[in-house]
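Below is one structure; the comments refer to it alone.
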Ligand SMILES: Nc1nc2c(ncn2[C@@H]2O[C@H](COP(=O)(O)OP(=O)(O)OP(=O)(O)O)[C@@H](O)[C@H]2O)c(=O)[nH]1
Ligand SMILES: [Mg+2]
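Residue numbers (the working numbering), protein chains in the order written: chain U, 3 to 204; chain S, 301 to 1012.
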């Protein structure tokens, strides 16, 4: 068994070019890759962080935004514990597509999945989406909201750490038998949160 | 003898003496005369010798003079020799300079000849000669030309360069002509000349263009699909033909390169050829999309799972064919680049990767994979739903093959995804399979198992010894076939849930093994392992469903267990049927066990029995504390407890400990005297002292003070 107590799957989605891969690489490798090519299919990276002295392993799935990879990326929604929906604050169309993404999430993801809306590229001068517009949208759809810059490393660490903290809290408060209908003397087991199916699902 | 001596010796005064002396003297005179004549005779000899010696001396003087002369000569020769070798060296140098001069002169002459020769060769259409001249020019010592120029001569290269350019233009024109005429021998002949005139890459490009034109024709033919409606893999076949035509062209180019030793240039060929391959495949793809209605939502077209299977197989096949073609490009480039240095080789490999990544064929492959996955998901869901529908509990149905069915489907789709050759495809299908298993199959089982029928596994109730057998009840039960069927089905589902958990785990291992070969690099392998690991949560869902059923079974026998516990603690034994009474519970349990073993897994039976015995023991101990016993009553309880423990010891080893405790409690009840309590708790007391005393206190004939005084 590896040395971690919690394992969470975090999936990033959003239009092509909004900076999903850059966010992930900024967080996992601490760099802003020059000339980052479009993601093909799905990439995955792992980073273990510490929350309240406990090791939390984040399995981060970076999906391709291009339409033709949709059927690949959709298959990753279901087992996600957190979904990061990214748009580019300097590109209106990426914001306009958010309802489509929400529909995807509705259809494929678990309805209890933690959802975070992220407006990326705050370093850019040519902002098209004011912060409050993004915030409003997030609030209306029951999502957390954060603006980031993968380039300037702004809020990137915070984004993933807050997800880790939130997921851990959820996991801890549900550290009860995973399936209801407690079994009396036969099934005294409780869910081991370390296993791959965490307690976010019923 | 001297005279004085004579005079002494002889007395010359005497005659005789005188005579004697005279004689002596005469004798001596003779002797002297003789000696003198001897000497005289030798004198001439000596004289002769002396003469010889003097002659020799004269000669020696001459020799000495000669030797001196000779020595002088040798000295002079040595000096001469030294001078000569220096001269020779100078001579060598001079000669090599002469040779160089000659070569340069030749070069210069050649240069003129060459340019003239090239022009002549062009006129004569003898391009081999022309190319040989150019090759000669290219191999020429650049110093020659420089030297010529240094002397103020007009640059002789100008003419040559002009000639070489003319030749090149001719070669290109001729090559294009030959290409148009599809004159293979000329194409080959002309191609070989390009490396000679220092234009290898240009030749490779021309050849590639020629081959591309040819391949385009082959691709056009390959794209023709006569029987679009056919269920056979006509589109996969067409695409296979297209990439095979491209493969043949690349092989053809590679062989030509090999002959003229143009290495490391295969990527140039691929770059020029690739767009035609892309266009060909795209054309077939467009037809495929239309013919198989891939753009429309499969849900809406309401295709049956059965009817989409051939399409799925075909899509996976197409994808794998394209993948194989890409592998072919990588491999051929590598072999070709093995002839050049490491840096160039690396460059070649990067070039081919870039061509592959950027070409439209890659995009087509991704589109195909997208359609495949959408359709595969539809197939999976429809098939699983169908299996679920068939497995939905119905009146009179007692068996279920839901888990067999869904795992059959799961394996099939995973295998098909692996056959596509794509790691991303295999991963996505694994994810979908996990979803189908967990959210459809396991969830359905869980739903059914949450609502158990009445007593899915029945434990016979304790019979009132006085009462006759419950014949009427048995008869009624036997009539209720429906209930029996429900029970059987429930247990079947329970078994399925258990099997599902095992299957899910096995499937994960199988999938990793099957798809592992597709992964290029650690990242892809990690991705696969992680996606296959999702099956663990499906296994957990099945296991939870199974646990739910076990819980329900345990729950269902609770009332009977309670009844048996009361019977066990009964203070009023029916002594006339002592043996029967004591054996009734083990018999009932044995029967229950037999029935259970026939229906559910041994592990489930063990779990159930352990729970049941724990329940009986706990309840019986509790009941004891509510009853009052005389000795006989206590003995009855003890007998029943011992029989139970005996049975458990053989059948449910895990419950031995729990039964031993009950047996001790019963032994306390059966004591003759409270003072024997210590012995009853041997060898290991399983009851705390206050508890043991509470039990002793249930005996009406024991005195309270006595019990209190006991040291336990
Ligand atoms: N100025 C600025 N540019 C960014 C930032 N993040 C990403 N980019 C640029 O945006 C482009 C796309 O970034 P990616 O990370 O590849 O985008 P993606 O969302 O992963 O795209 P797909 O993989 O195609 O879905 C790149 O050129 C990045 O350099 C940012 O924070 N600021
Ligand atoms: Mg990306």
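A virtual CB, placed ideally from N, CA and C, is assigned to each residue, including glycine.
Computed from a predicted structure; not experimentally measured.
{"Item": "Look up residue 337/S in the DSSP assignment and give the residues it is bridged to.", "Value": "Bridge partners of residue 337/S: none, in fact."}
{"Item": "For residue 44/U, go through chain S and note every residue whose CB falls closer than 9 Å to its CB, in chain order.", "Value": "724, 727, 728 and 827"}
{"Item": "Residue 12/U and residue 76/U look like a contact to me (Cβ under 8 Å); what is the Cβ gap, rounded to whole Å?", "Value": "Rounded, the Cβ-Cβ distance is 16 Å, inconsistent with contact."}
{"Item": "Using a Cβ cut-off of 7 Å (strictly closer), state whether residue 73/U contacts chain S.", "Value": "yes"}
{"Item": "Give me the Cα-Cα distance between residue 932/S and residue 789/S, rounded to the nearest whole angstrom.", "Value": "46 Å"}
{"Item": "With a cut-off of 7 Å, give the chain-ordered residues whose Cβ is closer than this to any heavy atom of ligand 2.", "Value": "22/U, 23/U, 38/U, 40/U, 41/U, 64/U, 66/U and 67/U"}
{"Item": "Rounded to the nearest angstrom, what separates residue 329/S and residue 315/S at their Cα positions?", "Value": "20 Å"}
{"Item": "Which word fits residue 122/U, buried or exposed, when buried means at least 16 other C-beta atoms lie within 10 angstroms of its C-beta?", "Value": "buried"}
{"Item": "Distance cutoff 7 Å, beta carbons only. Does residue 77/U sit that close to anything in chain S?", "Value": "yes"}
{"Item": "Rounded to whole angstroms, what is the Cα-Cα separation between residue 626/S and residue 656/S?", "Value": "7 Å"}
{"Item": "Within 10 angstroms of its Cβ, does residue 606/S collect 16 or more other Cβ (buried), or is it exposed?", "Value": "exposed"}
{"Item": "Give every residue of the same chain whose Cβ lies closer than 7 Å to the Cβ of residue 834/S, excluding the five residues on either side of it in the sequence, and list them in chain order.", "Value": "730, 731 and 734"}
{"Item": "So which residues of chain S does residue 151/U contact, with C-beta pairs closer than 9 Å?", "Value": "Per Cβ cutoff of 9 Å: no residues; residue 151/U is ~26 Å from chain S at best."}
{"Item": "Determine whether the Cβ of residue 540/S lies closer than 7 Å to any Cβ atom of chain U.", "Value": "no"}
{"Item": "For ligand 1, is there any heavy atom lying closer than 6 Å to the beta carbon of residue 158/U?", "Value": "no"}
{"Item": "Taking only heavy atoms of ligand 1 into account, decide whether any of them is closer than 6 Å to the Cβ of residue 153/U.", "Value": "yes"}
{"Item": "Where does residue 972/S fall in DSSP's three states?", "Value": "coil"}
{"Item": "Note down, in chain order, each residue of its chain lying with its Cβ closer than 7 Å to the Cβ of residue 728/S, except the 5 sequence neighbours on either side.", "Value": "673"}
{"Item": "Any chance the segment 22-33 of chain U sits against the segment 41-55 of chain U, with 3 or more Cβ pairs inside 8 Å?", "Value": "yes"}
{"Item": "If distances are taken between C-alpha atoms only, which option among 503/S, 595/S, 620/S and 594/S comes closest to residue 572/S?", "Value": "503/S"}
{"Item": "Mark residue 684/S as exposed unless 16 or more other C-beta atoms lie within 10 angstroms of its C-beta, in which case mark it buried.", "Value": "buried"}
{"Item": "So that I know if they touch, is there some Cβ in chain U lying closer than 7 Å to that of residue 439/S?", "Value": "no"}
{"Item": "Compile a chain-ordered list of the residues in the segment 648-659 of chain S whose CB is closer than 7 Å to at least one CB of chain U.", "Value": "none"}
{"Item": "Can you pull the chain S residues whose beta carbon is under 9 Å from the beta carbon of residue 38/U, in chain order?", "Value": "Simply none; closest approach about 14 Å."}
{"Item": "To which residues of the same chain is residue 907/S closer than 8 Å at the C-beta, ignoring the five residues directly before and after it?", "Value": "850"}
{"Item": "When the cut-off is 7 Å and only beta carbons count, does residue 666/S lie next to chain U?", "Value": "yes"}
{"Item": "Taking 7 Å as the CB-CB limit, is residue 80/U close to chain S?", "Value": "yes"}
{"Item": "Helix or strand or just coil, what does DSSP make of residue 138/U?", "Value": "helix"}
{"Item": "Check for me: the alpha helix (DSSP H) holding residue 163/U runs from which residue to which?", "Value": "158-175"}
{"Item": "On the three-state DSSP scale, how would you describe residue 78/U?", "Value": "coil"}
{"Item": "With DSSP run on the structure shown, which of helix, strand or coil describes residue 465/S?", "Value": "helix"}
{"Item": "Since residue 573/S sits in a beta bridge, which residues does DSSP pair it with?", "Value": "Answer by DSSP bridge pairing: none, since residue 573/S is not bridged."}
{"Item": "Answer yes or no: does any C-beta atom of chain S fall closer than 7 Å to that of residue 70/U?", "Value": "yes"}
{"Item": "Hey, which unbroken runs of the beta strand (DSSP E) at 3 residues or more fall wholly within the segment 87-132 of chain U?", "Value": "116-122"}
{"Item": "Do residue 436/S and residue 401/S come within 7 Å of each other at the CB atom, strictly closer than that value?", "Value": "no"}
{"Item": "Against chain U, which members of the segment 932-953 of chain S pass a CB distance test of less than 8 Å?", "Value": "none"}
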